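**Student:** Residue numbers (the working numbering): 168 to 698.
1) For residue 258 and residue 323, I'd like the C-alpha separation in whole angstroms.
2) Are at least three pairs of beta-carbons, each pair with one atom in the region 613 to 625 and one in the region 562 to 580, less than 8 Å apart?
3) Using CA atoms only, rank isn't needed, just tell me which of 380, 507, 301 is closest to residue 688.
4) For residue 514, is the classification buried or exposed, using 16 other Cβ atoms within 10 angstroms of its Cβ as the cut-off for buried?
5) So, are the CB atoms of residue 636 and residue 399 less than 8 Å apart?
6) What did DSSP end up calling residue 300 once you bin it into helix, strand or coil?
7) Spatial neighbours of residue 615 within its chain, please: CB distance less than 6 Å, with the 5 preceding and 5 following residues excluded, ordered by chain position.
8) Taking the straight line between their C-alpha atoms, what separation do you get for residue 478 and residue 619?
9) State buried or exposed for residue 656, treating a residue as buried only when at least 16 other CB atoms are found within 10 Å of its CB.
10) Using the rule of at least 16 other Cβ atoms within 10 Å of the residue's Cβ for burial, across every protein chain shown, is residue 658 buried or exposed?
11) Determine the burial state of residue 660: buried for a count of at least 16 other Cβ atoms within 10 Å of its Cβ, exposed for fewer.
12) Measure from the C-beta of residue 683 to each C-beta in chain C and report whether the shortest distance is under 8 Å.
13) Can you find the residues in the same chain that come closer than 6 Å, C-beta to C-beta, to residue 453, ignoring five residues on each side of it along the sequence?
14) With 16 other CB atoms within 10 Å as the buried threshold, where does residue 628 fall?
15) Starting from residue 601, trace the alpha helix (DSSP H) both ways and give me its first and last residue.
16) Please confirm whether residue 582 and residue 613 have their CB atoms less than 8 Å apart.
17) By the 10 Å Cβ neighbour count, where 16 or more other Cβ atoms means buried, how is residue 385 classified, buried or exposed?
18) Have a look at residue 682 and residue 413 and give me their C-alpha separation to the nearest angstrom.
19) Taking only the alpha-carbon atoms, compute the straight-line gap between residue 674 and residue 697 and give it to the nearest angstrom.
20) Are there 16 or more other CB atoms within 10 angstroms of the CB of residue 570, so buried, or fewer, so exposed?
21) Would you mind working out which of 496, 557, 450, 543 sits nearest residue 567, comparing C-alpha positions?
22) With a threshold of 16 other CB atoms inside 10 Å of the CB of residue 207, please say whether the residue is buried or exposed.
23) I'd like the span of the beta strand (DSSP E) that includes residue 667, first residue to last.
24) Can you tell me the Cα-Cα spacing of residue 446 and residue 686, whole angstroms?
25) Would you call residue 199 buried or exposed, if buried means 16 or more other Cβ atoms sit within 10 Å of its Cβ?
26) Count the other CB atoms within 10 Å of the CB of residue 377; is the residue buried (16 or more) or exposed (fewer)?
27) Are the beta-carbon atoms of residue 510 and residue 518 separated by less than 8 Å?
28) So which of 559, 402, 549 has the shortest CA-CA distance to residue 467?
29) Per DSSP, what kind of secondary structure is residue 203 in: helix, strand or coil?
30) Cα separation between residue 316 and residue 641?
31) Kindly indicate which residue of 469, 448, 531 has the alpha-carbon position closest to the one of residue 488.
32) In whole angstroms, give me the CA-to-CA distance for residue 355 and residue 493.
33) Please classify residue 135: is it buried, with 16 or more other beta-carbons within 10 angstroms of its beta-carbon, or exposed?
34) Along the chain, where does the beta strand (DSSP E) that runs through residue 551 open and close?
35) Hey, out of 442, 411, 426, whose CA is closest to residue 434's CA?
36) Compute the Euclidean distance between the alpha carbons of residue 609 and residue 646, then round it to the nearest angstrom.
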């Protein structure tokens with residue numbers, strides 16, 4: 168019975184256990200899939216919710232490429248994502264906001280420094296007694312200067328040498344010009360681009376500020392004078408220059424600006440030359456001595472030297488200074504005690520004698536040879552009529568203590584008077600003929616020693632003033648503006664030394680300076696095209 172019961176129970180038990188096992192397996196597989204999905208979700212959330220500190224640390228260690236790789240991984244894991252209309256609108260607003268922020272970045276104030284070093288603010292002193300900085304000292308008391316003051320001193324020296332601030336160094340004007348260019352309408356038609364032609368032309372008038380010039384070999388390069396060179400003069404018609412000095416010689420050179428070959432030299436025995444001049448026709452040279460009552464005439468056409476031993480009626484111990492009239496008719500001998508002796512250029516005989524109050528130091532003919540301006544040592548200027556030999560007018564040179572030199576411009580517009588104080592007063596001829604105490608149109612105060620030589624160029628655009636009492640004491644004045652050319656003489660280069668005589672070529676192409684070293688320095692003025 169028991170065995171039968173067991174046999175009957177076995178199949179039932181087998182039937183009951185089999186479905187129970189199937190029910191238990193299905194919930195286990197579902198639970199595992201749900202757990203895996205939950206784990207992935209948590210992992211994605213953890214990857215996407217990294218803190219700011221962790222991201223900065225990762226960027227420092229791994230660089231920006233880590234962010235790109237993570238974003239790419241998250242995008243692939245998350246799958247394609249649909250953007251709603253609201254989100255798209257929000258993205259557009261964010262992009263527009265970012266553009267506004269980018270535009271506002273330029274207006275942000277610069278960041279302040281993290282710290283300030285006190286040693287940087289302390290001014291460091293520079294020793295000015297050093298051999299390379301001695302020239303920048305204005306007084307012996309300036310043994311030291313701060314860096315700021317030294318920088319300012321260097322800027323002043325540079326501006327003085329350049330004649331002002333160059334355009335490339337003026338930052339303010341450059342910024343203003345850039346602003347005006349940016350503000351102007353770019354579509355505006357440019358007249359220069361609408362047609363063709365040569366727009367570069369040379370100006371007829373001489374510009375102020377910087378004088379375009381070049382230094383040539385000395386005019387007497389092939390024969391320097393032994394000692395002081397007292398005279399340099401260009402021939403009135405030929406491309407020739409004459410030099411004369413205390414070495415008793417008169418030399419002629421052809422001016423080409425390259426070699427300046429010597430043409431001829433004559434020697435006057437025991438006759439140190441005080442002054443020499445070409446006649447107006449260019450055929451003769453008249454030379455006076457330092458301690459003689461006679462003078463020589465060198466006839467270049469005949470090649471003969473003619474001594475003039477004594478002029479009848481002229482009672483002078485020494486004949487030194489003289490002037491020749493522009494028309495070639497007269498020779499004016501400046502004697503002692505204020506006497507002026509007018510000679511005939513043709514016969515070398517005395518025509519008449521005039522006298523000024525005091526001692527006459529310099530004289531000059533007007534371009535038409537009708538008048539003579541005589542400058543006395545007392546600072547008075549007498550105007551004489553050549554035909555009647557009468558004094559037409561007299562005026563006082565303003566501020567003059569002692570007259571030294573005088574010159575009349577080639578167009579008869581200006582009269583320049585140089586005094587012992589170094590001041591050169593520039594007058595108009597109209598005021599000189601009418602007023603007793605005329606006011607100068609310009610008082611040139613660039614010389615610190617006596618003004619001993621003044622001369623105008625043929626176009627009356629340049630006035631050269633010089634002093635023989637100190638080195639490099641030569642200035643060229645731009646007459647239309649009454650300003651000095653800043654680039655002559657060359658800054659901090661000694662080449663002129665003591666100026667004895669100056670002259671311009673007939674068409675202002677060359678300018679020459681005779682110095683105490685026996686040289687006739689030659690400069691090419693590039694504004695003028697011809698000799």
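Just so it is clear, CB atoms sit at the ideal spot from N, CA and C, and this is done for glycine as well. Note that the coordinates shown come from a computational prediction; the quantities given were computed from them, not determined experimentally.
**Tutor:** The structure says:
1) Caution applies to residue 258, whose pLDDT of 47 falls short of 50 and renders its modelled position unreliable; the model cannot decide the point.
2) yes
3) 380
4) exposed
5) no
6) coil
7) 589
8) 28 Å
9) buried
10) exposed
11) exposed
12) The structure shown contains no chain C; it holds only a single protein chain.
13) 444, 464
14) buried
15) 596 to 601
16) no
17) buried
18) 12 Å
19) 6 Å
20) buried
21) 543
22) exposed
23) 666 to 671
24) 23 Å
25) exposed
26) exposed
27) yes
28) 402
29) helix
30) 30 Å
31) 531
32) Any reading at residue 355 needs caution, since the residue's pLDDT is 47, under 50, leaving its predicted position unreliable; the model's value is listed next. The straight-line gap from Cα to Cα measures roughly 58 Å.
33) The question about residue 135 has no answer, for the chain in this structure spans 168 to 698.
34) 547 to 552
35) 411
36) 9 Å
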